[in-house]
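Student: Residues 275 to 338 in the numbering used here are what the sequence shown lists, from first letter to last. We put the beta carbon where it would ideally sit given N, CA and C, even for glycine. These numbers come from a predicted model, not from an experiment. Below is a structure I'd like to ask you about.
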Amino acid sequence: MHPLRHPRNAFFVGATFVVIGVVYWAFPYFGKWQLDYAGVTMLGALGIAMGLMAYVLIAGSPRD
């Protein structure tokens with residue numbers, strides 16, 4: 275049995291990393307510090323990839 279039984283939960287796995295990316299962007303932007311665009315971009319891409327792979331794992335799991 276997979277710990278993320280519903281595909282909706284796969285969205286939350288990906289959204290977690292996207293939210294971390296937004297926070298990673300917001301602190302330097304509003305604090306007038308140097309912004310690391312590569313880090314923000316990679317966290318966004320990681321969120322999309324994690325959500326997609328969590329969905330693939332859920333969809334491919336047997337229905338125990």
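Could you check where the alpha helix (DSSP H) with W299 kicks off and where it finishes?
Tutor: Position 25 of the sequence shown holds residue 299. Note, W299: alpha helix (DSSP H), 281-304.
Student: Counting only runs that start and end within the region 311-335, where is the alpha helix (DSSP H) found for 4 or more residues in a row?
Tutor: Within the region 311-335, the complete alpha helix (DSSP H) runs of at least 4 residues are 311-334.
Student: For the putative contact between G313 and V292, defined by C-beta atoms under 8 Å, what is the C-beta separation to the nearest angstrom?
Tutor: As a position in the sequence shown, residue 313 is number 39, starting the count at 1. As a position in the sequence shown, residue 292 is number 18, starting the count at 1. Incorrect: roughly 13 Å between the Cβ atoms, too far for contact.
Student: Have a look at Y303 and A328 and give me their C-alpha separation to the nearest angstrom.
Tutor: As a working note, residue 303 is residue 29 in the sequence shown. As a working note, residue 328 is residue 54 in the sequence shown. Going by the C-alpha atoms only, they are around 31 Å apart.
Student: Under 6 Å Cβ to Cβ from M324, same chain only, skipping five residues before and after it: list those, please.
Tutor: The residue labelled residue 324 in the question sits at position 50 within the sequence shown. So the list reads V287, G288, F291, once near-sequence residues are dropped.
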